[in-house]
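In the numbering used here, the protein residues as written are 20 to 272. Here a beta-carbon is modelled for each residue, glycine too, at the ideal position from N, C-alpha and C. Just so it is clear, the structure is predicted and the values come from calculations on it, not from any experiment.
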Amino acid sequence: MRCASSSDRLDSSFVRNYFRLDEDLTVVLASIMKDDVEREAIQKFYGLKLVRQERWECLASFVLATNSNIPRIRAMVEKVSSVFGEPLEFEGLPYHSFPSPEAIRRAKASKLRSCGLGYRARFLRQVAEAVDDGSIDFDSVYSMGYEDARRALTSKIYGEKVLLGVGPKVADCALLFSGGKDEAFPIDVWVARAIARFYPALMGRSLRKKLGSSAQKKLTAPEYSKLSKSMRDYFGANAGYAQQYLYMLSRNR
DNA sequence: AAACAGGCTGACA
DNA sequence: TGTCAGCCTGTT
């Protein structure tokens, strides 16, 4: 395989790991083709894959993504990178790396805030501190099983959250995209809508009604746990893949 | 121009 | 344990 990058570290074995070229996608897809909905989604978005993202960058990005939207998330990540990241060059063009936890930790509050992060600035800094000082250790957390790892990401020590800004949805995203937990099934508003529409039986009547009519369309913590568990039970070990295809289906209709 | 956007925290029942 | 308001900010 041939590839080009700005760094020697990003060689072909990195690319192989990042894009999961070691896995047989057809086998994975066969395991989640449990109904016509997934069949249609897989046909429509055939080739869509999970990738193995860098762990700190992934968690930090999803902390920033809270209560926001894709264009804005992109703007926040790019701004933070250009202000606090290392300058890079690739094929003559300038780029910036995503900043290290240390860089975010050292950042002046007002400067961090001026990246347009809003109240997420505080969360990003606290997560950076926890990663930098070892309060949270990715190696140890991601070596646990799914349930324990999710508990670890959202846990409290002496009543204080270890990772402020990391709730159930953010934790599931980190576990799926950078923690090697393929059974994680993150539920954002799009996925919740898709479940209500295509899998009403898995959702339950009251929640379905709420998403349909009520102005309050955000899942409560208990609703989230219950729903994500039933989706994991239904799709099994590769539920995260099912979620990705369902998400795409939900957004393209 | 009020609502909404790829939720979470802190306070309270 | 489960609810609920409030929250930065950009966009529609």
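- The beta carbon of residue 257 is closer than 6 angstroms to those of 47, 50, 51 and 201 in its chain, skipping five residues each way along the sequence.
- For the set 240, 268 and 206, the Cα lying nearest the Cα of residue 250 is the one of 206.
- When the Cα atoms are used, residue 168 and residue 106 turn out to be separated by approximately 33 angstroms.
- Cβ-Cβ separation between residue 118 and residue 129: approximately 16 angstroms, too far for a contact (criterion under 8 angstroms).
- Residue 176 carries a strand assignment under DSSP once its states are collapsed to helix, strand and coil.
- Secondary structure of residue 42 (DSSP, three-state): coil.
- For residue 76, the enclosing alpha helix (DSSP H) covers residues 74-84.
- A straight-line Cα-Cα distance of about 7 angstroms links residue 197 and residue 77.
- Taking C-beta atoms as the reference points, residue 124 and residue 148 count as a pair closer than 8 angstroms.
- Residue state for residue 37 is assigned as helix, using DSSP reduced to three classes.
- For residue 231 against residue 220, the beta-carbon gap comes to about 15 angstroms, at or over 8 angstroms, which does not count as contact.
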